[in-house]
Structure formats: structure tokens, C-alpha cells
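Chemist:
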């Protein structure tokens, strides 16, 4: 950059000229014990369902390779 050259927001990478704002911070959720329990059960059922689907597709793939 030249000495004495004016620097504008549009000249800087990653910053747009008009209406440049800081990104909003994500909201931090305060979990209650009940929320944690419900979320834990939901995530466990989601993982189990994914595992079953994954095993099913693995069995189909393996059975087709052994024929």
C-alpha cells in the first residue's frame, strides 16, 4: 500500500462498503434439566435410527459384493 493513500472499507478484503456490520453473536441457550433430558433422549433415538439405516445399507452392499 502506498504511503499517504486513503484506505476505504471497500478496499479491504472481506468488508463490503455500504452497511458493514459486525456479525451477530449466537444466542447461548440456558438449558434446564428437563430440556437436557429431552434433548438427550432425542439425540439418542436419532443416533440409533441413523445406525440402523447405516447397517441396513452396509448389509445390502456386502450382500451384493459376495454374490
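In the UniProt record's numbering, the protein residues as written are 1 to 67. Quick reminder that beta carbons are idealized off the backbone N, C-alpha and C, glycines included. Computed from a prediction, not measured in an experiment: that's the story for all the values here.
1. Using three-state DSSP, classify residue 47 as helix, strand or coil.
2. Express the C-alpha separation of residue 26 and residue 50 in angstroms, rounding to a whole number.
3. Alpha carbon to alpha carbon, what distance is there between residue 39 and residue 32?
4. Where does residue 30 sit, in a helix, a strand or coil, going by DSSP?
5. How many Å lie between residue 47 and residue 63 at the Cα?
Modeler: The short version:
1. Residue state for residue 47 is assigned as helix, using DSSP reduced to three classes.
2. Annotation: residue 50 to residue 26 spans about 28 Å, alpha carbon to alpha carbon.
3. 10 Å
4. coil
5. Their Cα atoms are separated by approximately 24 Å.
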